[in-house]
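Engineer: Position 328, counted from 1, in the sequence shown is what the numbering used here calls 330; the numbers after and before it change by one each time, with no gaps.
Ideal Cβ placement from N, Cα and C applies to all residues, glycine included.
This one's a predicted model, so the numbers in the text were calculated from it and none came from an experiment.
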Amino acid sequence: MALLPSNISFSRQILPVIAGVGLIIAVIYLVANLPDRETAEPVNEPPKATGELANSERVAGSGIVEPASEIIDIGSALSGLVTDLRVMPGDRVEKGQPLFLVDDRATRARLSEANAAIGEARAAIGEAQAAQNTAQQQLALYKSLDDPAAVSRAEVIRAEGEASAAASRLTLARARLNAAQAQAASARTELGRLTVRAPIAGEILAVNIRPGEYVATQGGNSAPFIQMGETNPLHIRVDIDENEAARVKLGAPAIVSPRGAAEIQVEATFVRAEPQVVPKRSLTNSAAERVDVRVLQLIYALPQSAQTDAFRVGQQIDAFIPAKESAASGEE
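1) Could you pull out every residue in the same chain whose Cβ sits closer than 6 Å to the Cβ of Leu-83, ignoring the five residues on either side in sequence?
2) Per DSSP, what kind of secondary structure is Gly-22 in: helix, strand or coil?
3) Exposed or buried, which one is Gly-121 when buried takes at least 16 other CB atoms within 10 Å?
4) Where Lys-251 and Arg-239 are concerned, what is the direct C-alpha to C-alpha distance, given to the nearest angstrom?
5) Say whether the region 169-183 touches the region 196-208, bearing in mind that this needs 3 or more beta-carbon pairs closer than 8 Å, one atom from each stretch.
6) Rounded to the nearest angstrom, what separates Gly-92 and Glu-205 at their Cα positions?
7) Mapping the DSSP letters down to three states, classify Gln-99 as helix, strand or coil.
8) How would you write the range of the beta strand (DSSP E) that Gly-204 sits in, first residue to last?
9) Just to confirm the assignment, what range does the beta strand (DSSP E) spanning Phe-313 have?
10) Could you tell me the boundaries of the beta strand (DSSP E) in which Val-89 lies?
11) Using beta-carbon positions only, say whether Val-273 and Lys-282 come within less than 8 Å of one another.
12) Residues in the same chain with beta-carbon distance under 7 Å from Ala-130, minus the five sequence neighbours each way, listed in chain order, please.
13) Buried or exposed: where does Tyr-302 fall if 16 or more other Cβ atoms within 10 Å of its Cβ makes it buried?
14) Report buried or exposed for Gly-22, applying the criterion of at least 16 other Cβ atoms within 10 angstroms of its Cβ.
15) Short of 6 Å in beta carbon distance, which residues of its chain neighbour Pro-100, apart from the five on each side in sequence? Order them along the chain.
16) Three or more beta-carbon pairs under 8 Å between the region 226-233 and the region 66-86, yes or no?
17) Return the first residue and the last residue of the beta strand (DSSP E) that Gln-318 is part of.
18) For Gln-306, tell me which candidate among Glu-327, Glu-276, Val-268, Gly-253 has the shortest Cα-Cα distance.
19) For Ala-137, which residues from the same chain have a beta carbon less than 6 Å from its beta carbon, with the 5 sequence-adjacent residues on both sides left out?
20) Which residue or residues does DSSP assign as beta-bridge partners of Asp-243?
21) Could you tell me the alpha carbon to alpha carbon distance between Asn-245 and Ala-62, rounded to whole angstroms?
22) Who does Arg-110 pair with in a DSSP beta bridge?
23) Which residue from Ala-189, Arg-124, Lys-97, Gly-65 puts its Cα closest to that of Leu-335?
24) Sort out for me which residues DSSP pairs Pro-260 with in a bridge.
25) Going by DSSP in three states, Leu-252 sits in which element: helix, strand or coil?
26) Just the Cα atoms here: how many angstroms apart are Ala-116 and Phe-227?
27) Tell me whether the beta-carbon of Leu-193 lies closer than 8 Å to the beta-carbon of Thr-109.
28) Hey, out of Glu-68, Ala-184, Ala-125, whose CA is closest to Leu-300's CA?
29) Tell me which residues share the same chain as Ile-242 and place their Cβ nearer than 8 Å to its Cβ, disregarding the 5 neighbours each side in the sequence.
30) Between the beta-carbon of Ala-203 and the beta-carbon of Val-95, is there less than 8 Å?
31) Among the candidates Gln-317, Ile-20, Leu-103, Ala-184, whose CA atom is the shortest distance from the CA of Leu-113?
32) Starting from the C-beta of Phe-313, find all residues in its chain whose C-beta is less than 7 Å away, skip the five residues before and the five after it, and write them out in chain order.
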């Protein structure tokens, strides 16, 4: 190049210097932008067994918190508009307490009609009884006469017909009374069904309806209008892989922790083991989790002291359950 001294070569002297400077800049850039590889403490401690279970055989499982009665989905026996909602989530209710009311105006109108028909039928019964008594007295009078010639045979036949007709009218009036009373009873029963009541004493967990909304008799995949259950005590439903089910020591207490709070550990009391092994439905969203497995479900009860905000219905938990002693450990 004309700008460089004749004794300096661009390709042999200048170009290597430029390449070296560029390499140094690239190294500095890469070092400055390297990701932080320093180890950090995990935000949440993974669940682990403590106490006697820490050094003994155990079976681990995941589960979910549920009411002792399980979750009860409340529906409606009859369709209609919700006119009154009596509960909110978190309310405690007694058995038979009204939860919500469905529009009952048409049913009350039917009841009024039935009551009016009852009054009309009773009046007809009174009239028929009076007519029957008169006809029977007239017939008895005719038959009590000593002289048969005093009353014609036609008069006697007419009196007998009137007595028979009065008896028929009385029977018809009584049948109409029974029908009206049955209609009134049906309307009262329907009125009772339009008031949806709590089937058990428990806590309202979810309310999915509002006044003015239309409710229909449930079917298919329709959502429950209200969910409730007995939350005193709370139960834990633990899923145990069927491959581990034979190792579980049934009847022994379990150590449970809320998901994400391994430092909270509670001893839960064994309640029962479900008799049927079922496909796994409660998922933990772990990348290594298998979903095509069947599980044995074990039910445990939380102690009263543990029923705080740490455990809520529907919350996932981790559980450690004592395992049966293996044959090898027994021989030792």
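Structural biologist: Considering the structure as presented:
1) Asp-105, Tyr-216
2) helix
3) exposed
4) 16 Å
5) no
6) 6 Å
7) coil
8) 204-209
9) No beta strand (DSSP E) contains Phe-313, which DSSP labels as neither H nor E.
10) First-last for Val-89: undefined, no H or E at that position.
11) no
12) Ala-168, Arg-171, Leu-172, Ala-175
13) buried
14) exposed
15) Arg-88, Thr-197, Arg-199
16) yes
17) 318-324
18) Val-268
19) Glu-164, Ala-165, Ala-168
20) Val-297
21) 12 Å
22) Looking at the DSSP assignment, Arg-110 forms no beta bridge with any residue, so it has no partner.
23) The requested residue 335 does not occur in the structure, where the chain is confined to residues 3 to 334.
24) Ile-319
25) coil
26) 32 Å
27) yes
28) Glu-68
29) Val-61, Gly-63, Val-250, Val-297, Leu-298, Gln-299, Leu-300, Ile-323
30) yes
31) Ala-184
32) Val-67, Leu-236, Pro-260, Leu-304
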